[in-house]
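Throughout the sequence shown, residue numbering follows our numbering, covering 1 to 102 in sequence. We treat Cβ as the ideally placed atom computed from N, Cα and C, and that holds for glycine.
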Amino acid sequence: MPELTFTTRWPDGRSLQTYSPSLVVHDHLQAGASYEVADFVDRATTALTQASDRVEARWGRPCTAARASMDTIRLAAADQPEGLVTVVAFDPPAHPFTGSAS
């Protein structure tokens, strides 16, 4: 199952690297885009839930790393509920034509 990490910059200037067990995150977030904190949390949580569900469908149990990523994002958002979160980069990056990883 392809996986990725994505790097975000939070309103206080710190960077956060987040793991996803699936490329589905590309369907919800764009590199270079900025989102209000609440919108980012909603998008990231939706994406990581879908990623965990894909792991569960394949392996019979949800992905605890995706759940941990959601917890990390929620904690960061609780510390700074206002402002913009910028998606700095994906690794691997999205394919420029399809939006999915190449």
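Task: The beta strand (DSSP E) enclosing Arg-9, as first and last residue numbers - done: The residue you call residue 9 lines up with position 9 of the sequence shown. 4-9 is the span of the beta strand (DSSP E), which, as asked, contains Arg-9.
Task: Backbone CA spacing between Ala-68 and Asp-42 [nearest angstrom] - done: By 1-based counting over the sequence shown, the position of residue 68 is 68. By 1-based counting over the sequence shown, the position of residue 42 is 42. Going from the Cα of Ala-68 to the Cα of Asp-42 covers about 15 Å.
- [ ] Would you give the residue range spanned by the alpha helix (DSSP H) that Ser-15 belongs to?
- [x] Locating residue 15 in the sequence shown gives position 15, where the first residue counts as 1. Run containing Ser-15: none in the alpha helix (DSSP H); it sits in the beta strand (DSSP E), 15-20.
- [ ] Taking Asp-71 as part of the alpha helix (DSSP H), name the residues at either end of that continuous run.
- [x] Reading the sequence shown from its first residue, position 71 is the one you call residue 71. Note, Asp-71: alpha helix (DSSP H), 64-79.
TODO: Just mark Ala-51 as buried or exposed, buried being the case when its beta carbon has 16 or more other beta carbons within 10 Å.
DONE: Reading the sequence shown from its first residue, position 51 is the one you call residue 51. The residue is buried, with at least 16 neighbouring Cβ atoms inside 10 Å.
Open item on the list: Given this structure, state the Cα-to-Cα distance separating Ala-33 from Gly-83, to the nearest angstrom.
Closed with: Numbered from its first residue, the sequence shown carries residue 33 at position 33. Numbered from its first residue, the sequence shown carries residue 83 at position 83. Straight across, the Cα-Cα distance linking Ala-33 with Gly-83 is about 13 Å.
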